[in-house]
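Worksheet: the structure to be examined is printed underneath.
There are 2 protein chains.
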Amino acid sequence: MIILDYRDKRPLYEQVTEKLMLLITGGALSPGDRMPSVRSLALDLSVNPNTVQRAYAQLEQDGYLTTITGRGNYVSEKKLWQAGHENALRTQLKEVLEKVRDGGLSEEGARDCVREVYEEQGRMRS
Amino acid sequence: MIILDYRDKRPLYEQVTEKLMLLITGGALSPGDRMPSVRSLALDLSVNPNTVQRAYAQLEQDGYLTTITGRGNYVSEKKLWQAGHENALRTQLKEVLEKVRDGGLSEEGARDCVREVYEEQGRMRS
DNA sequence: ATAGTGTATTAAATGACTTAATACACTTAT
DNA sequence: ATAAGTGTATTAAGTCATTTAATACACTAT
């Protein structure tokens, strides 16, 4: 379900959080779907239950999951995370744009990057 | 000369490296200019000399500084870092673009962000 | 010679992350 | 009711990168 990258400098719980989020927003997991239990996912990833717990807690905080004690974690309705997700993406992009803009990259240069990256997506679909 | 942000999660040496780099690429420091000594900058920033040394070493590695043992660190000629700098900015931007693209942000959404951020720059100039 | 450079090394302190071992309350199925 | 499986919380220990501290050495300029 998930593959962890131990060369990545980011903490494990952050990787788990991000990958699960992508499975949800990408539609691989649908609203109402039950998530694997904290313990079982920890076993799958060869990771401590606390680490998975931390990821689940973050995902619930951000509206992607709804937790029911004793039952499990369930993917939330789209309306609960859609807006926040879109906003987070834009904020993330803008922060880097401000950084590279201050670093001297021209608006044209930035547009080039956008074009290249989204052309790349086109190739992936074919 | 530099103000450190202790709320920033990134290590100090990384902040110092980035800020000095911006002073160089931004033209506040010109090729040939002598940098403050490792010890004096460390005093200025209330930071350990090792931390400054690490920043200087990174800047030399990336071509922004030329080090002469016993004399000091000097801002390198533009040709030594110009290309690498431009490339680093593009790579940095592209990595985030791929991330938000995979997260579901449309190409139009990305273009909006570019427009907004560079409009912001226009306002700063006035 | 003396003072100021960059550089290197070793030791200790700090803090975030991770693992480990439990424990408890709740829900479901038997 | 009992047992198994949930989420949740706590405490302790270990790991690792970062940072500080204290030196030491080679080089350069005055």
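Keeping their order, the protein sequence lines are chains A and B. The numbers in the first sequence follow the numbering used here, run straight up by one, and end at 126. The numbers in the second sequence follow the numbering used here, run straight up by one, and end at 1126. Cβ coordinates follow ideal geometry from the N, Cα and C atoms, glycine included.
In this structure, does DSSP put residue i in helix, strand or coil?
i, result
"residue 24 (chain A)", "helix"
"residue 1034 (chain B)", "strand"
"residue 1099 (chain B)", "helix"
"residue 1056 (chain B)", "helix"
"residue 1007 (chain B)", "coil"
"residue 990 (chain B)", "Chain B is shown only over 1001 to 1126; residue 990 (chain B) falls outside these bounds and no answer can be derived."
"residue 124 (chain A)", "helix"
"residue 1012 (chain B)", "helix"
"residue 62 (chain A)", "coil"
"residue 1104 (chain B)", "coil"
"residue 89 (chain A)", "helix"
"residue 80 (chain A)", "helix"
Of all Cβ atoms in chain B, is any one closer than 9 Å to the Cβ of residue i?
i, result
"residue 123 (chain A)", "no"
"residue 26 (chain A)", "yes"
Going by DSSP, which residues form a beta bridge with residue i?
i, result
"residue 73 (chain A)", "A:67"
Against chain A, does residue i count as a neighbour if the rule is that its beta carbon must be under 9 Å from one of theirs?
i, result
"residue 1022 (chain B)", "yes"
"residue 1098 (chain B)", "yes"
"residue 1101 (chain B)", "yes"
"residue 956 (chain B)", "This structure gives no information on residue 956 (chain B), because the portion of chain B shown stretches from 1001 to 1126."
Is residue i near the ligand SAH, with its Cβ less than 8 Å from a heavy atom?
i, result
"residue 98 (chain A)", "Of the ligands one can find in the structure shown there are none, so the ligand SAH has no counterpart to examine."
Measuring CB atoms only, is the region 1064-1078 of chain B touching the region 83-96 of chain A, in the sense that at least three cross pairs come out at less than 8 Å?
no
Spell out a yes or no on whether the region 51-59 of chain A and the region 94-109 of chain A are touching, meaning 3 or more CB-CB pairs, one atom from each, closer than 8 Å.
no
Residues of the region 104-123 of chain A with a CB closer than 9 Å to any CB of chain B: list them in chain order, please.
Within the region 104-123 of chain A, the residues whose Cβ lies closer than 9 Å to some Cβ of chain B are 104, 105, 106, 107, 109, 110, 111, 112, 113, 114, 115, 116, 117, 118, 120, 121, listed in chain order.
To be precise: take each residue of the region 73-95 of chain A, compare its Cβ to all Cβ atoms of chain B, and keep it if any distance is under 7 Å. Which residues remain?
89, 90, 92, 93, 94
Evaluate the contact criterion for the region 1011-1022 of chain B versus the region 1042-1053 of chain B: three or more CB pairs, one atom per stretch, below 8 Å.
With three or more CB-CB distances shorter than 8 Å, the region 1011-1022 of chain B counts as touching the region 1042-1053 of chain B.
For the structure I just gave you, are there three or more beta carbon pairs, one from the region 101-119 of chain A and one from the region 1098-1111 of chain B, closer than 8 Å?
yes
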